[in-house]
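Q: When the letters of the sequence shown are read in order and numbered with my numbering, they come out as residues 23 to 200.
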Amino acid sequence: MVTEAVRLLEECPLFNAGIGAVFTRDETHELDACLMDGNTLKAGAVAGVSHLRNPVLAARLVMEQSPHVMMIGEGAENFAFAHGMERVSPEIFSTPLRYEQLMAAREEGATVLDHSGAPLDEKQKMGTVGAVALDLDGNLAAATSTGGMTNKLPGRVGDSLFFIQWRTAMVEDCCPLP
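1. In this structure, does DSSP put R128 in helix, strand or coil?
2. Mind checking who R109 pairs with in its DSSP beta bridge?
3. Which one of G95, G106, T150 has the shortest CA to CA distance from G42?
4. Got a sec? Which residues, its chain only, sit under 6 angstroms from G234 by beta carbon, not counting five neighbours each side?
5. Taking 8 angstroms as the threshold, find out whether the stretch 106 to 115 comes into contact with the stretch 40 to 56 through three or more Cβ pairs.
6. Using the Cα positions of T46 and L156, report the straight-line distance between them to the nearest angstrom.
7. Under a Cβ-count criterion, where at least 16 other Cβ atoms within 10 Å of its own Cβ denotes burial, should M23 be classed as buried or exposed?
8. Can at least three beta-carbon pairs, one atom from the stretch 52 to 72 and one from the stretch 91 to 98, be found at a separation below 8 angstroms?
9. Within 10 angstroms of the Cβ of A65, are there 16 or more other Cβ atoms? Answer buried if so, exposed if not.
10. Which residue wins for smallest C-alpha separation from S182, given the options E108, Q87, G170?
11. N100: buried (16+ other C-beta within 10 angstroms of its C-beta) or exposed?
12. Any idea if Q87 is buried or exposed, counting beta-carbon neighbours within 10 angstroms, 16 or more meaning buried?
13. Helix, strand or coil: which one does DSSP assign to V134?
14. Buried or exposed: which applies to M107, given that a residue is buried once 16 or more other Cβ atoms fall within 10 Å of its Cβ?
15. To the nearest whole angstrom, what separates the beta carbons of Q123 and T172, a pair I think is in contact under 8 angstroms?
16. With DSSP as the reference, label M23 as helix, strand or coil.
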């Protein structure tokens with residue numbers, strides 16, 4: 023359920039995830055996504071992907087179809103392609119608004135987080151997306167997807183992927199194990 027919720031948000035150009043993701047300093051897009059099943063404590067993540075329309079689906083593949091927790095860049099993309107995901111052109115993520123934000127960030131000499139400080143445009147402050155679900159048995163699942171920071175250096179991986187924080191919050195603080 024959280025995967026589908028985040029996938030739908032990745033399709034909306036208003037958010038900094040999937041279509042509508044922010045630009046790097048080099049005018050490219052590098053997207054990160056992750057998810058975790060609080061019941062099994064299994065997790066999956068991809069980072070720095072540029073040719074996957076829905077990074078959260080690739081993160082789910084990592085969780086369900088690999089012995090790994092995180093894969094990055096070309097290796098993550100090749101893994102996703104080998105499991106049936108379609109290669110897309112990185113231009114699919116570009117929007118005029120995000121390009122304007124990159125130009126504004128460059129003018130200010132700034133790297134801009136989408137969720138802290140004052141946004142470059144008060145009317146356009148939708149950012150990283152996420153979803154959390156709690157089932158009737160008390161099991162939590164969570165997923166996030168992001169384009170990261172406007173004007174970031176290529177290769178930067180965002181903090182949305184740090185599972186140890188999720189595990190602590192989800193299991194120990196929220197839903198203690200017996």
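Quick reminder that beta carbons are idealized off the backbone N, C-alpha and C, glycines included.
A: Let me lay it out:
1. helix
2. L74
3. T150
4. Only positions 23 to 200 of the chain appear in the structure, and residue 234 is not among them; the question remains open.
5. yes
6. 34 angstroms
7. exposed
8. yes
9. buried
10. G170
11. exposed
12. exposed
13. strand
14. buried
15. 5 angstroms
16. coil
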